[in-house]
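Chemist: Using the working numbering, read the sequence shown as starting at 36 and increasing by one per residue. Where a beta carbon is used, it is the ideal one built from N, C-alpha and C, also for glycine. Given the structure is predicted, the values throughout are model-derived calculations rather than measurements.
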Amino acid sequence: MVTGGAPARIVVTGAAGILGSNLVARLLRDGHRVCGVDVRELPPAPGLTGRVADIRDTAAMTEAFAGADAVVHCASALPSYPAEQIRSIIVAGTGSVLRAARAAGVARVVHVSSTAVYGLPRTVPTEEHPREPVDTYSAAKAEAEELVERFRADGMCVGVLRPKTFLGPGRMGLFSMLFEWAEEGRNFPVLGRGDVRIQMLGLDDLVDAVVTMLRAPDEVACDTYNVGAAEFGTLREDFQAVLDAAGHGKRVVSIPARPAVSVLRLLERVKLSPVYGRLVYKLLYDSYVSIDKARERLGFSPRQSNRDAILATFEWWRRNRGSAAGRGAGRTSSEPWKQGVLALSKVFF
36 MVTGGAPARI VVTGAAGILG SNLVARLLRD GHRVCGVDVR ELPPAPGLTG
86 RVADIRDTAA MTEAFAGADA VVHCASALPS YPAEQIRSII VAGTGSVLRA
136 ARAAGVARVV HVSSTAVYGL PRTVPTEEHP REPVDTYSAA KAEAEELVER
186 FRADGMCVGV LRPKTFLGPG RMGLFSMLFE WAEEGRNFPV LGRGDVRIQM
236 LGLDDLVDAV VTMLRAPDEV ACDTYNVGAA EFGTLREDFQ AVLDAAGHGK
286 RVVSIPARPA VSVLRLLERV KLSPVYGRLV YKLLYDSYVS IDKARERLGF
336 SPRQSNRDAI LATFEWWRRN RGSAAGRGAG RTSSEPWKQG VLALSKVFF
């Protein structure tokens, strides 16, 4: 347990990513010593030690973890990565991190998983639902959790957080498509009526959840928790909030769901669209989890609604769209995903 006493030494994997970098900043503000591990170099900061290494290198991880009070495992692959990389980074990488933490005698690990492990459950809110992965990414996340459970059974304190899709300053991915179309004064499409309820999560709230896991007693921290926004509406409402903020008077436009799904799946197969299959189906059905367990046992109390989070991200995007942080090929969550042939459909909206 990381207490409020002497500064702790905490290692964060994936420290150059959106979650990792924000968590590092928070831990440094809280007075801790931080070692950030990533395949990319980290900008210097007082109290921060950067280490360029791959999480699959167990020897390098063991060396990085030496003397650490806790490890937060944020490093991951995106669903857009090739299948072999997803499995290697998420499954082999998590196994490497856990073995290294055990070898280095780390007292606590916080593993950031995903609600993707549930697959596409039709029962909402989802809570204590079995893992039913439906694609390579969700299967890798589920298998990584199985590894965590084996290490727990051997006595290691490993906490798991399953966040919904999180949003905050710097987060791009597919959201950049919505932001770009809104700023250009275009309508934006939704599948069907857009009345499905899709829960998201503010980035600051996710960071708070990680910090809470670090501070919790072992019997609380060594468990698995869903984390998401407490307040959320429909997809149509959240997208419309962005269009309203853009100030062009544009609207969310419904398109027939079945034909659109068929087209998107075809475009995905021929690599002309970044919208992967699980996301397509998530946009057709309610998708939200219960956070009651995190509230009651962990003391998790999210401050941002879906709308708060998406509007804060949009405002950041507007200020930074011309910077290097706003450009890229979608290899990280801080880069906009290539829209492929979907960009051509702008003319219809």
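#1: For P168, which option in S149, D343, P160 has the closest C-alpha, if you only look at C-alpha atoms?
#2: Judging by CA-CA distance, which residue of A251, D321, D258 is the nearest neighbour of L271?
#3: May I ask which residues mark the beginning and end of the beta strand (DSSP E) holding A105?
#4: Among L133, V74, G102, whose alpha-carbon lies nearest the alpha-carbon of I45?
#5: Can you find the residues in the same chain that come closer than 6 angstroms, C-beta to C-beta, to F33, ignoring five residues on each side of it along the sequence?
#6: Who are the near neighbours of A127 in its chain, counting only those whose CB is closer than 8 angstroms to its CB and skipping five residues on each side?
#7: Out of R342, R332, K328, state which residue places its alpha-carbon closest to the alpha-carbon of E162.
#8: Since Y172 is in the beta strand (DSSP E), which residue starts that stretch and which ends it?
#9: Only counting the same chain, and skipping five residues up and downstream in sequence, which positions put a Cβ closer than 6 angstroms to that of Q275?
#10: From E266, V242, L77, A118, pick the residue whose C-alpha is nearest to that of R342; which is it?
#11: Roughly how many angstroms lie between the CA atoms of I290 and F214, to the nearest whole one?
#12: Excluding the 5 residues flanking I124 on each side, which residues of the same chain have their C-beta closer than 6 angstroms to its C-beta?
#13: Rounded to whole angstroms, what's the CA-CA distance from R354 to R137? Just pull it up for me.
#14: In whole angstroms, give me the CA-to-CA distance for A244 and I53.
Modeler: Per the coordinate set shown:
#1: As a position in the sequence shown, residue 168 is number 133, starting the count at 1. If we check each option's Cα against that of P168, S149 comes out closest.
#2: As a working note, residue 271 is residue 236 in the sequence shown. One detail in the question is off: residue 271 reads as Arg in this sequence, not Leu. Considering only A251, D321, D258, the residue with the shortest C-alpha distance to R271 is D321.
#3: Against the sequence shown, residue 105 aligns to sequence position 70. Per DSSP, A105 belongs to the beta strand (DSSP E) from 105-108.
#4: What you label residue 45 is simply residue 10 of the sequence shown in a count that begins at 1. For I45, the nearest C-alpha among the options comes from G102.
#5: Because the chain in this structure spans residues 36 to 384, residue 33 falls outside the shown range and cannot be described.
#6: Taking the sequence shown and counting its residues from 1, the one referred to as residue 127 is at position 92. Result list for A127: R91, in chain order.
#7: As a working mapping, residue 162 is identified with position 127 in the sequence shown. The residue with the shortest Cα to Cα distance from E162 is K328.
#8: In the sequence shown, the residue the question calls residue 172 occupies position 137. First-last for Y172: 171-188, but that is the alpha helix (DSSP H), not the beta strand (DSSP E).
#9: Here residue 275 corresponds to residue number 240 of the sequence shown, with the count starting at 1. Here the set comprises V287.
#10: Looking up residue 342 in the sequence shown gives position 307. Ranking E266, V242, L77, A118 by Cα distance to R342 puts E266 first.
#11: Along the sequence shown, one-based indexing puts residue 290 at 255. Along the sequence shown, one-based indexing puts residue 214 at 179. For I290 and F214, the distance between alpha carbons rounds to 19 angstroms.
#12: Along the sequence shown, read from residue 1 onward, the residue named residue 124 stands at position 89. Hits under 6 angstroms: A112.
#13: Taking the first residue of the sequence shown as 1, we reach residue 354 at position 319. Taking the first residue of the sequence shown as 1, we reach residue 137 at position 102. Each residue's alpha carbon lies about 43 angstroms from the other.
#14: On the sequence shown, residue 244 is found 209 positions in, with the first residue counted as 1. On the sequence shown, residue 53 is found 18 positions in, with the first residue counted as 1. In a straight line, the C-alpha of A244 is about 15 angstroms away from that of I53.
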